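In order, the protein sequence lines correspond to chains A and B. Those letters in the first sequence? Residues 801 to 1125, per our numbering, in order. Those letters in the second sequence? Residues 5 to 268, per our numbering, in order. Cβ atoms here follow ideal geometry from the backbone N, Cα and C, with glycine treated the same way. Here the structure is a predicted model, which is why all the values come from computation and not from measurement. I have placed the structure first, in the form of C-alpha cells, so that the comments after it can refer back to it.
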Amino acid sequence: MLLSLFGAVESGIIYAIMALGVYLTFRVLDFPDLTVDGSFVTGAGVAAISIVNGVSPIVATLLAIVAGFIAGCITGLLHTKGKINALLSGILMMIALYSINLRIMDSPTVSLHSQPTIFSQLRDIWPAGIDSFFNGIFEAVGSRAPATWVIVIFMFVVVLAIKFLTDYFLKTEIGLALRATGDNQRMIRSFSANTDNLIVLGVGISNAMVALSGALIAQIGGFADVSMGIGMIVIGLASVIIGEALFGKKTIAIATIAVIGGAIVYRIVVTLALRVDFLETGDMKMITAFIVIVALVAPKLLQARKEKKRRIQKRQALGQVREGA
Amino acid sequence: MLQIKDVSITFNEGTPDEKKALQGINLELHEGDFVTVIGSNGAGKSTLMNVISGNLVPDVGGVIIADKDVTNLPEFKRSAYIGRVFQDPMAGTAPSMTIEENLAMAFSRIRKRKLKPGVTKSRKAEFREHLKTLNLGLDDRLNAKVGLLSGGERQALSLLMATFTNPNILLLDEHTAALDPSRAALITNLTKEVVAEHGLTTLMVTHNMQQALDLGNRLIMMDKGQIILDIRGERKQELTIEDLLKEFQRIRGEQFESDRAVLG
Ligand SMILES: Nc1ncnc2c1ncn2[C@@H]1O[C@H](COP(=O)(O)OP(=O)(O)OP(=O)(O)O)[C@@H](O)[C@H]1O
Ligand SMILES: [Mg+2]
C-alpha cells in the first residue's frame, strides 16, 4: 500500500513538470494548446534515441527540451502567423508530431534497457546511507521499502527549481507582458508588446516543459513509446484543476505550487482507484474524466451550499428580531 | 508632431455594406496641441483614432508621427509613440494583474522588455508617487487586482498608464463615456491636469459638446468620414454649443442642397 503510494508520488512529481507547462498555456496565456500529447512523446523519443546512440543522458534530456520548445513554437506560429484557431493549431501539430515522433524513434518503441539514464547515473553517486535511513521509516510501519529514494528527492529539487524559475519569469518585464497577452491582448499591444512573439514564446516554453517531463518518464520507465502521450493533455488539465480546487490560485506562487500538488494528488487518486476491485487498468481514462468532473463541480456545490446556509442564517436572525419586536 | 495626409479608408469595398469611413482626411497637430473631436455616431472618429494608433491601415494616405512615416509600422511598434485610453474601462488594463504590475507594463512602453523583474523597489516608489496624483487612494492598493477596481478607478489608472511615460501623442476615445457624471468630471479634470503638466499632444474624442468646448486649444467636427469644421485659438474660446449646432446645420444643409442639385 505505502509502496504503491510512494510510486504515485514519484511519477506524479515528474508529471508535475508537464502540468506546469499546461498551466502556462491554458491559464496564463489563455491558449488551449493540445500539442502536449505529441510533444510529450517527442521529449521521450528524442531522449531515448539519443541515449541509445551514445549521447550522455543529461545532454539527451536537454535535446528533448529543445525539441519540445521547437514543436511548441510551430504551434504558436500556426496560430499567430497562420491565423489558425488555437485549438486547431494544437490538434494539427499533435497529429503531425505522431508521424514525426515515429521518424525520430525509427520504431514504435525504443527500449532503454541496460542503457544509462539520468537516474541510473545519480544512483551510482547516491550515498546508500540516505536510502537506508528513509527505508527504516517504511519498515518501522511494516511496509516494504522502495528500491531507492534518489528519484523522488532529486525530482523534488528539480520541480521546485522549475517552479521558482517560472514564478520569477512571470514577474519579469517579458513575463508580465506574456501574462497580459493572456489577459488583455489589445491593452498590452497598446503598450508596445509584440503579442505574436509572446504567444510563440509562451507555447514554446510550455512544450519544452512537457518534453522534459516526457524525457524523464522515458528514463524512469526504461522505454519511449509512440503512444505514451495519448490523453496527456487531460492529465495535465486534471492536475491544474485539482490543484486549483484544493490549494487555490491567488498568486502565481500559490498557483504553481498548487499545480504541482494537483499532479501528485491526481496520481495518488488514480493509484487508489485502481486498487478498488471492480476497476481495471483500462478504466484509467474514465477515472481521470471522473476526477476532473468532481474537481470542477465540487467547489461550486460547496460554495452554493455555503451561500445558502449563510442566507438561511441571515433570514432566521431577521425573523427572531421581528418576533422580538 | 502628428500629420495625417489624405487618409481614406473604406470598409467592405464592393459589397452592399460598403462604408466610406474616412474620406481624404488631412490633419496636422503641432507639439502641445490639444484637439477635441466631435461628430455624430458613425462619423469616423474611432476609425481615425485606429488609423493613428496603427490598429487599422489606411487604404491610401499616410501617418507621420514626430517626423517619422509610421504608416506601415505595426500597432505594437507604433505604441512607443502613442498613449491611448479606450472608451471601455475594461479595455485599457489587465484585470487579473495587480495595479503595480499594470503600471510596470506601461512603464515598458518605451523600453525594451527584458528578463528583469518588472516591479522593483524604486519603481514601486515611483508608481506610488504617480498614483497619489490621482487622489483616489490607489497608492495604498498597489497589490490589488485591477479587476476589483470600479470603472472610474480603472479609467483613472488607464489615463495614468497612458501618460506617465510622456507619449508623443495621446489618444482619448470617449474615455469618460462609460462613467457616471461625477466620475466623468473627475477623469476630465485629471485629463486636463496631465495634459497640461506634460504638454502632451492630444486628440480627444467626446460626445459632450461642453467638454469639447472647455478643453483644448482646437476643435474639429467630423461627419461622414470628413472633417467639416476646424476651429482653433481665440475663435474656439468664444464658441458656444449653439454656434456649433448652427454651424453643423449650415454645412450639412449646403451639402444637402448640392446633393439635390446633382441628383435633380
Ligand atoms: N471594422 C469595421 N468594419 C466595417 N465597418 C466598420 C468597421 N469599423 C467601423 N466601421 C464603420 O465605419 C463607420 C465609422 O465608424 P466609427 O467607429 O469610426 O464611428 P465613430 O465616429 O467613432 O462613432 P461613435 O460616435 O458611435 O463611436 C461606421 O459606420 C461603422 O459602422
Ligand atoms: Mg467611436
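query: What separation, rounded to the nearest whole angstrom, lies between the Cα atoms of ASP234 of chain B and ASN994 of chain A?
result: 36 Å
message: What does the alpha-carbon distance come out to for the pair GLY1195 of chain A and PHE869 of chain A?
response: Outside the displayed range of chain A (801 to 1125) lies residue 1195 of chain A, so it cannot be described from this structure.
query: For a contact meaning CB atoms closer than 8 Å, what does LYS125 of chain B contact in chain A?
result: The contacting residues do not exist; LYS125 of chain B stays about 13 Å from chain A at best.
- prompt: How many angstroms separate the CA atom of LYS120 of chain B from the CA atom of PRO916 of chain A?
  reply: 38 Å
- request: Starting from LEU26 of chain B, follow the beta strand (DSSP E) in both directions and report where the run begins and ends.
  value: 23 to 33
query: Among B:GLU32, B:LYS23, B:ASP37, B:ASP10, which one has its Cα closest to the Cα of GLY203 of chain B?
result: B:ASP37
message: Residues of the region 970 to 1002 of chain A in Cβ contact with chain B at a cutoff of 8 Å, in chain order, please.
response: LYS971, THR972, GLU973, ILE974, GLY975, LEU976, ALA977, ARG979, ALA980, ASP983, ASN984, ARG986, MET987, ILE988, ARG989, SER990, PHE991, SER992, ALA993, ASN994, THR995
Neighbourhood of ALA108 of chain B by C-beta, 7 Å cutoff - its chain only, sequence neighbours within 5 removed: GLY122, VAL123, ARG127
- prompt: Using 8 Å as the limit for Cβ to Cβ distance, is ARG145 of chain B near chain A?
  reply: no
query: So which residues touch the region around ligand 1, with touch meaning a C-beta under 5 Å from any heavy atom?
result: B:PHE15, B:LYS23, B:ALA25, B:ASN45, B:GLY46, B:ALA47, B:GLY48, B:LYS49, B:SER50, B:THR51
message: Measuring straight from C-alpha to C-alpha, what distance separates VAL1094 of chain A and LYS81 of chain B?
response: 46 Å
query: Can you tell me whether HIS34 of chain B is buried or exposed, with buried defined as 16 or more other CB within 10 angstroms of its CB?
result: exposed
- prompt: What in chain A is Cβ-close to MET109 of chain B, meaning under 7 Å?
  reply: LEU976, ALA977, ALA980, ILE988, PHE991
Residues near ALA847 of chain A in its chain [Cβ-Cβ closer than 6 Å; skip 5 each side]: ALA860, THR861, ALA864, ALA1015, ALA1018
query: Between MET101 of chain B and chain A, is there a C-beta pair that is closer than 8 Å?
result: yes
query: How is LYS883 of chain A classed by DSSP in three states: helix, strand or coil?
result: coil
field: Neighbour flag for THR195 of chain B against chain A, beta carbons, 8 Å
entry: no
query: So THR1071 of chain A packs on TYR823 of chain A, CB below 8 Å; how close in whole Å?
result: No, THR1071 of chain A and TYR823 of chain A are not in contact; Cβ-Cβ is about 22 Å, not under 8 Å.
Exposure of ALA816 of chain A, with buried meaning 16 or more beta-carbon neighbours within 10 Å: buried
message: Please return the same chain residues whose Cβ sits closer than 8 Å to the Cβ of GLY1031 of chain A, not counting the five positions on each side in sequence.
response: ASP837, LYS1085, THR1088
message: Taking its Cβ as the centre, do 16 or more other Cβ atoms sit within 10 Å of THR966 of chain A, making it buried, or is it exposed?
response: buried
message: Judging by CA-CA distance, which residue of B:GLU197, B:MET94, B:ARG113 is the nearest neighbour of LYS149 of chain B?
response: B:MET94
task: Evaluate PRO908 of chain A with the Cβ neighbour count: other Cβ atoms within 10 Å of its Cβ, from every protein chain shown; 16 or more gives buried, anything less gives exposed.
output: exposed
query: How would you call ARG1075 of chain A, buried or exposed, if buried means at least 16 neighbouring beta carbons within 10 angstroms?
result: exposed
- request: Give the straight-line distance between the Cα atoms of PHE933 of chain A and ILE884 of chain A, rounded to the nearest whole angstrom.
  value: 55 Å
Nearest-angstrom Cβ-Cβ length linking GLY1062 of chain A and ALA819 of chain A, presumed shorter than 8 Å: 7 Å
message: Buried or exposed, going by whether 16 or more other CB atoms sit within 10 Å of the CB of SER914 of chain A?
response: exposed
- prompt: Does the beta-carbon of MET801 of chain A have 16 or more other beta-carbons within 10 angstroms, so that it is buried, or is it exposed?
  reply: exposed
message: Assuming LYS9 of chain B is part of the beta strand (DSSP E), what are its boundary residues?
response: 6 to 15
query: Where does PRO121 of chain B fall in DSSP's three states?
result: strand
- request: Please check if any C-beta of chain A sits within less than 8 Å of the C-beta of GLU79 of chain B.
  value: yes
field: Closer than 8 Å to chain A by CB, ALA98 of chain B
entry: yes
- request: Just list the alpha helix (DSSP H) runs in the region 862 to 947 of chain A, keeping only unbroken ones of 4 residues or longer that don't cross its boundaries, in chain order.
  value: 886 to 905, 918 to 925, 928 to 940
field: Minimum C-alpha distance to ALA98 of chain B - residue among B:GLY46, B:ILE86, B:LEU152
entry: B:LEU152
query: If you measure from the CB of ASP177 of chain B, is any heavy atom of ligand 2 nearer than 7 Å?
result: yes
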